[in-house]
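Data first, discussion second: the structure below is written as structure tokens.
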Ligand SMILES: C[S@@+](CC[C@H](N)C(=O)[O-])C[C@H]1O[C@@H](n2cnc3c(N)ncnc32)[C@H](O)[C@@H]1O
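In the numbering used here, the protein residues as written are 9 to 450.
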């Protein structure tokens with residue numbers, strides 16, 4: 009497999025696309041001190057105030073869910089938040105090399121697992137479809153490797169607006185999309201290279217079958233519950249109407265124990281914790297599917313290994329934004345707790361990582377791929393963009409250390425090892441998993 013990774017990074021065709029100088033969301037700050045905006049009484053704020061007046065303070069998880077994915081007013085439902093004119097930028101939008109190397113990762117894992125006759129590639133939260141577009145270009149370019157393999161694409165996306173954008177990135181305009189808003193498969197199309205693509209709102213609706221799963225900057229938008237340790241024990245942080253300032257929300261502590269406290273670890277040593285039950289449900293579903301039918305999951309996001317405390321934050325127009333101000337106009341996010349994901353997978357599948365993005369991409373051959381693209385390009389602006397993109401992805405002060413890669417694999421893929429392995433601590437296995445093990449690059 010190392011041979012595939014080494015040769016593929018050199019062989020792929022060479023066109024380079026533009027890089028946009030924007031803010032990435034892995035930036036960290038503690039919420040609460042940012043200046044308020046002028047138009048802060050948004051339809052979402054009115055909706056939330058009405059809800060709180062009717063039923064009392066809401067959890068941070070409920071707030072995040074409403075603000076981001078409420079079908080009528082949710083942040084993700086009606087806009088393109090990515091790129092220069094949006095609120096933030098992500099790795100696949102920064103450099104095509106990112107998606108190309110992930111495409112090679114999936115082919116490498118498909119080969120390592122015995123080249124099944126068919127597989128589904130399932131992406132959770134595909135944004136503009138840029139990452140999937142880069143992966144599918146690699147699949148086409150390495151068509152001789154994948155020939156005779158029956159591949160289908162499955163996109164899990166709550167936003168109709170973004171799924172339309174994904175369709176325009178990925179499908180051929182000549183072939184009309186099939187739409188059925190009532191069906192769990194709400195849209196179907198055919199990729200530019202002729203692969204069937206289906207859209208779902210929920211992972212549960214994706215057909216069971218041999219699958220590779222991808223989630224890039226997806227888990228960080230799932231709703232988190234927040235808890236504070238108090239002299240009375242753990243108390244959940246809730247969101248209430250501020251009685252002092254009109255049209256304002258504020259954080260309060262729940263007066264007594266709330267149901268979500270069940271998600272806290274008994275031996276928790278931090279004094280402030282964020283837990284994401286939805287992430288646990290998704291990891292368990294992925295693990296069950298991988299155990300049942302084989303395949304793998306690759307998860308990349310900013311996060312920590314069970315060490316951080318208050319990471320809930322907002323982004324608007326490439327700036328950090330107070331999470332309680334003008335809800336619905338800004339993205340909300342919290343760092344992914346990879347130790348929680350690992351716990352949720354434990355016993356069913358093996359996990360690798362989390363490892364830093366700069367290590368993963370280096371192991372996948374980003375330097376070789378960059379050199380090939382630079383050698384083939386005479387245009388100074390393109391060369392500058394390629395170098396800028398590389399720096400954004402790899403620089404430890406930028407995205408290189410903050411973004412982490414994590415994988416779920418069947419135990420047998422790691423040669424009968426029956427326990428989860430942290431890649432930082434493990435000995436190299438006989439058949440290394442690309443990206444998580446160093447390959448000899450010449
Ligand atoms: C931060 S964007 C990341 C986009 C893309 N993966 C990238 O890296 O450029 C989050 C994506 O997840 C989608 N999303 C958010 N919550 C979701 C949910 N509960 N189920 C499915 N998709 C969701 C959003 O609409 C968006 O496509």
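The beta-carbon is built from N, C-alpha and C at its ideal position, and this holds for glycine as well.
None of these values were measured; they are calculated from a predicted model.
Taking only heavy atoms of ligand 1 into account, decide whether any of them is closer than 6 Å to the Cβ of residue i.
| i | result |
| --- | --- |
| residue 135 | yes |
| residue 98 | yes |
| residue 84 | yes |
| residue 224 | yes |
| residue 167 | yes |
| residue 170 | yes |
| residue 164 | yes |
| residue 193 | no |
| residue 344 | no |
| residue 77 | yes |
| residue 49 | no |
| residue 68 | no |
| residue 229 | yes |
Taking the Cβ atom as the reference point for each residue, do residue i and residue j lie within a distance shorter than 7 Å?
| i | j | result |
| --- | --- | --- |
| residue 356 | residue 299 | yes |
| residue 368 | residue 413 | yes |
| residue 246 | residue 260 | yes |
| residue 451 | residue 139 | This structure does not reach residue 451, given that the chain is present from 9 up to 450, and the question cannot be answered. |
| residue 320 | residue 342 | yes |
| residue 141 | residue 98 | no |
| residue 380 | residue 136 | no |
| residue 348 | residue 410 | no |
| residue 108 | residue 222 | no |
| residue 198 | residue 162 | no |
| residue 304 | residue 417 | yes |
| residue 458 | residue 255 | Since the first residue of the chain shown is 9 and the last is 450, residue 458 is not available in this structure. |
On the three-state DSSP scale, how would you describe residue i?
| i | result |
| --- | --- |
| residue 120 | helix |
| residue 341 | strand |
| residue 29 | Confidence is the limiting factor: at residue 29 the pLDDT is only 49, short of 50, which leaves the residue's position unreliable, though a coordinate-based value still follows. Residue state, collapsed to three classes: coil. |
| residue 187 | strand |
| residue 125 | coil |
| residue 16 | helix |
| residue 58 | helix |
| residue 175 | helix |
| residue 441 | coil |
| residue 43 | With a pLDDT of 46 at residue 43, under the threshold of 50, the predicted position of this residue should be treated as unreliable, and no value is reported. |
| residue 396 | helix |
| residue 389 | helix |
| residue 428 | Confidence in residue 428 is poor, its pLDDT being 42 and thus under 50, which makes the residue's placement unreliable; the coordinate value appears in the next sentence. In this structure, residue 428 counts as coil in the three-state DSSP scheme. |
| residue 233 | strand |
| residue 528 | Coverage of the chain is limited to positions 9 through 450, which leaves residue 528 absent and any answer about it impossible. |
Nearest to residue i by CA position, among the options, is which residue?
| i | options | result |
| --- | --- | --- |
| residue 190 | 209, 182, 183, 175 | 209 |
| residue 219 | 229, 256, 301 | 301 |
| residue 234 | 306, 250, 265 | 265 |
| residue 15 | 359, 112, 393 | 112 |
| residue 51 | 288, 66, 192, 75 | 75 |
| residue 344 | 232, 387, 359, 389 | 232 |
| residue 166 | 440, 309, 206 | 206 |
| residue 89 | 378, 71, 108, 133 | 133 |
| residue 57 | 185, 251, 69, 370 | 251 |
| residue 402 | 387, 365, 417 | 365 |
| residue 421 | 65, 91, 122 | 122 |
| residue 202 | 158, 164, 242 | 158 |
| residue 172 | 195, 153, 154, 188 | 195 |
| residue 396 | 383, 193, 378 | 378 |
| residue 249 | 79, 399, 443, 64 | 64 |
| residue 127 | 179, 442, 154 | 154 |
Establish whether the CB of residue i and some CB of chain C are separated by less than 7 Å.
| i | result |
| --- | --- |
| residue 280 | As a matter of chain content, chain C is missing from the structure shown, which is built from one protein chain. |
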